[in-house]
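In the order they appear, the protein sequences are chains A and B. Each residue of the first sequence is one higher than the one before, counting from 1 in UniProt numbering. Each residue of the second sequence is one higher than the one before, counting from 1 in UniProt numbering. Below is one structure; the comments refer to it alone.
Number of protein chains: 2
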Amino acid sequence: MIKIAIYEDNIRLSQLLALLIETTEDFELVGCYENCVNALQNTRNERPHVIVMDIDMPQRSGIEGVFEIKSHFPEIKIIMHTVFDGNEHLFECLSKGADGYILKKDSSTRLIQAIKEVNDGGAPMSPFIANKVLQSFRKQSTQDEYKLTEREREVLSYLAKGFSYRMISIELNISVETVRRHIKNTYQKLHVQCGPEAVAKAIRSGIIAS
Amino acid sequence: MIKIAIYEDNIRLSQLLALLIETTEDFELVGCYENCVNALQNTRNERPHVIVMDIDMPQRSGIEGVFEIKSHFPEIKIIMHTVFDGNEHLFECLSKGADGYILKKDSSTRLIQAIKEVNDGGAPMSPFIANKVLQSFRKQSTQDEYKLTEREREVLSYLAKGFSYRMISIELNISVETVRRHIKNTYQKLHVQCGPEAVAKAIRSGIIAS
DNA sequence: AAGTCAATAACCCTTTTGGGTTATATCAAA
DNA sequence: TTTGATATAACCCAAAAGGGTTATTGACTT
Numbered sequence: 001m002i003k004i005a006i007y008e009d010n011i012r013l014s015q016l017l018a019l020l021i022e023t024t025e026d027f028e029l030v031g032c033y034e035n036c037v038n039a040l041q042n043t044r045n046e047r048p049h050v051i052v053m054d055i056d057m058p059q060r061s062g063i064e065g066v067f068e069i070k071s072h073f074p075e076i077k078i079i080m081h082t083v084f085d086g087n088e089h090l091f092e093c094l095s096k097g098a099d100g101y102i103l104k105k106d107s108s109t110r111l112i113q114a115i116k117e118v119n120d121g122g123a124p125m126s127p128f129i130a131n132k133v134l135q136s137f138r139k140q141s142t143q144d145e146y147k148l149t150e151r152e153r154e155v156l157s158y159l160a161k162g163f164s165y166r167m168i169s170i171e172l173n174i175s176v177e178t179v180r181r182h183i184k185n186t187y188q189k190l191h192v193q194c195g196p197e198a199v200a201k202a203i204r205s206g207i208i209a210s
Numbered sequence: 001m002i003k004i005a006i007y008e009d010n011i012r013l014s015q016l017l018a019l020l021i022e023t024t025e026d027f028e029l030v031g032c033y034e035n036c037v038n039a040l041q042n043t044r045n046e047r048p049h050v051i052v053m054d055i056d057m058p059q060r061s062g063i064e065g066v067f068e069i070k071s072h073f074p075e076i077k078i079i080m081h082t083v084f085d086g087n088e089h090l091f092e093c094l095s096k097g098a099d100g101y102i103l104k105k106d107s108s109t110r111l112i113q114a115i116k117e118v119n120d121g122g123a124p125m126s127p128f129i130a131n132k133v134l135q136s137f138r139k140q141s142t143q144d145e146y147k148l149t150e151r152e153r154e155v156l157s158y159l160a161k162g163f164s165y166r167m168i169s170i171e172l173n174i175s176v177e178t179v180r181r182h183i184k185n186t187y188q189k190l191h192v193q194c195g196p197e198a199v200a201k202a203i204r205s206g207i208i209a210s
């Protein structure tokens, strides 16, 4: 039996999915929610094998949910099930640990199939998504890992020393806006979203001295 | 010859100090400014041996000045010369690298003497200040170095993982205010003033995993 | 029993961050 | 020579962060 939980704010759709799962052999629906507010607690209680997760949900998005659940239960498989086919959400989800990414425009049976795949250790993706991922992978492997510019490294190291943007700008004799620009670019390259995380990653990966 | 620079926004006082220094044997006044806006550049040009630094100055405080100058020229001695005798400024300055701390209520000749002392590798302090430092030192050495509580360490490690205060609060099931409290306490204990710096220090000193 | 510490929480307030967008000059590489 | 990367800069705007103060609770120590 594969234990499955659903996070989907569109009630019509979630009921459809629930029905589909309950009527599929070897599948067991252990939870169905319309947002991620209690995602961690739910997960702790139910210990699903696979989670089907929408992204755009009220209060707490599916991205936050993935991040949180994966931090605690890396072995639980999470399939994103969403209308978003843009790069932003896609890479954010994958970097947070999503195991599959199925678009809603695919058939429901594709989702069922994806659940089996992911439970077997696969990485089910809609073809369009799979292509994007491959492309990005190629791009990334050619620009070997975190390719920060000299200036970005410099700014980052000041950040780790406790300088504020303003202090860095005075320090380097450039505008605060430019400091902000460098930092924003750095965050993108490191796939992080705030200073503390960037500094942690930079130190651990040797980008700045430890 | 000891080359000396002054940062003091009270013109009356800075002129007095300047005169005093110029008329002292073996002393040479190489700069006299009313704030730290160009402190680093001034220092680069003049290479003073000793800097006499007020704290409360317009635009950029002496504390920022100390931090910046010491980051680049750790060998230059800086004496704080201020009316503040409270703990806040004192420890902040010392942690930023100040080498001496003389109160303005001491005589000017005491300052002259302090300049000689600091240039010889000493750490001139007003008696009252010296006591405070000793007290704090005792307190600190009994509570050996960074004694974070379990909870504080936990919160800090979430911070390094890129969680916002709000996410941490949900994670640990406590209020955002409490998260804030733990972080504020942590900053005090680590002698830092922002997240990135705290994370850097924590990783480098092994408080959180690297 | 009094005192300290840890954890919790709330309130005030300002500054800083960080996301998005757009634009410029420069320099090197294709 | 056109493209691409880099460094620079500005703007808008919401959210997050951080500093100060105060208080309550429970646990452990004098």
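Backbone N, C-alpha and C fix where the C-beta goes; we use that ideal spot for every residue, glycine too.
Residue i versus the options, residue with shortest Cα-Cα distance
| i | options | result |
| --- | --- | --- |
| A/Ile170 | B/Ile69, B/Glu92, B/His49 and B/Glu150 | B/Ile69 |
| B/Gly97 | B/Arg110, B/Val155, B/Lys104 and B/Phe73 | B/Phe73 |
| B/Ile4 | B/Leu111, B/Val37, B/Val176 and B/Ala198 | B/Leu111 |
| B/Pro124 | B/Lys105, B/Val83 and B/Ile78 | B/Ile78 |
| B/Thr109 | B/Tyr7, B/Arg12, B/Ala209 and B/Leu19 | B/Leu19 |
| A/Ser126 | A/Thr82, A/Leu16 and A/Glu152 | A/Thr82 |
| A/Val155 | A/Phe67, A/Val118, A/Ile207 and A/Ile102 | A/Ile207 |
| B/Ile115 | B/Glu152, B/Lys201, B/Val52 and B/Leu190 | B/Val52 |
| B/Ile76 | B/Phe84, B/Glu92 and B/Thr43 | B/Thr43 |
| residue 235 of chain A | A/Val66, A/Asn119 and A/Ala209 | With chain A covering only 1 through 210, there is no way to say anything about residue 235 of chain A. |
| A/Val50 | A/Ile174, A/Leu13, A/Ile11 and A/Ile21 | A/Ile21 |
| A/Glu152 | A/Asp56, A/Ala202 and A/Asp120 | A/Ala202 |
| B/Asp85 | B/Asn173, B/Leu190, B/Ile129 and B/Ile55 | B/Ile129 |
| A/Gln41 | B/His191, B/Leu172, B/Gln15 and B/Glu197 | B/Leu172 |
Same chain only: Cβ atoms within 7 Å of residue i, ignoring 5 sequence neighbours per side
| i | result |
| --- | --- |
| A/Pro58 | Asp9 and Asn35 |
| A/Lys139 | Bear in mind that a pLDDT of 43 at A/Lys139, under 50, signals an unreliable position, so the number given afterwards is only what the model happens to contain. There are no such residues. |
| A/Met1 | Asp26 and Glu28 |
| A/Lys104 | His81, Thr82 and Val83 |
| A/Asp106 | Ser126 |
| B/Val179 | Val155, Tyr165, Ile168 and Ser169 |
Cβ of residue i within 8 Å of any chain A Cβ
| i | result |
| --- | --- |
| residue 219 of chain B | Chain B is shown only over 1 to 210; residue 219 of chain B falls outside these bounds and no answer can be derived. |
| B/Arg204 | yes |
| B/Lys161 | yes |
| B/Ala200 | yes |
| residue 223 of chain B | Chain B is shown from 1 up to 210; residue 223 of chain B falls before or after that span and cannot be answered. |
| B/Glu34 | no |
| B/Met57 | no |
Residues near residue i by beta carbon distance below 8 Å, same chain, minus five either side
| i | result |
| --- | --- |
| B/Glu46 | Lys3, Ala5, Val30 and Gly31 |
| B/Asp144 | Only weak support is given to the placement of B/Asp144: the predicted model assigns it a pLDDT of 37, under 50, and the value that follows is read from those uncertain coordinates. Cβ within range, chain order: n/a, list empty. |
| A/Gln193 | Tyr187 |
| A/Val199 | Leu156, Leu159, Ala160 and Ile208 |
| A/Lys189 | Tyr146, Lys147, Leu148 and Glu152 |
Any C-beta of chain B under 8 Å from that of residue i
| i | result |
| --- | --- |
| A/Glu68 | yes |
| A/Pro196 | yes |
| A/Val155 | no |
| A/Gly65 | no |
| A/Gln193 | yes |
| A/Glu171 | yes |
| A/Met167 | yes |
Buried or exposed (CB count within 10 angstroms, at least 16 for buried), residue i
| i | result |
| --- | --- |
| A/Gly100 | buried |
| B/Thr23 | exposed |
| B/Pro48 | buried |
| B/Gly195 | buried |
| A/Thr142 | Note on A/Thr142: pLDDT 37, under 50, position unreliable in the model; the coordinate value appears next. A/Thr142 comes out exposed. |
| A/Glu177 | exposed |
| B/Ile168 | buried |
| B/Gly62 | buried |
| B/Ala39 | buried |
| residue 213 of chain A | Here chain A comprises residues numbered 1 to 210, so residue 213 of chain A is not present and cannot be evaluated. |
| A/Ile55 | buried |
| B/Phe137 | Because B/Phe137 sits at a pLDDT of 49, beneath the cut-off of 50, its placement in the model cannot be relied upon, and the point is left open. |
Cutoff 6 Å; reference residue i; Cβ partners in own chain excluding five residues on either side
| i | result |
| --- | --- |
| A/Glu117 | Pro124 |
| B/Ile80 | Before going further, note that residue 80 of chain B is Met rather than Ile in the sequence given. Once the five neighbours on either side are set aside, the close Cβ partners of B/Met80 are Met53, Cys93, Ala98 and Tyr101. |
| A/Val37 | Gln59 and Arg60 |
| A/Leu17 | Ile6 |
* To do: Decide yes or no for the touch test of the segment 171 to 186 of chain B against the segment 147 to 157 of chain A: beta carbon pairs closer than 8 Å, at least 3 of them.
  => Because the criterion of three Cβ pairs below 8 Å is not met, the segment 171 to 186 of chain B and the segment 147 to 157 of chain A do not touch.
* Please confirm if the segment 160 to 170 of chain A is in contact with the segment 157 to 165 of chain B, defined as three or more CB-CB distances below 8 Å between the two stretches. => With a cut-off of 8 Å on Cβ pairs, the segment 160 to 170 of chain A is not in contact with the segment 157 to 165 of chain B, counting fewer than three such pairs.
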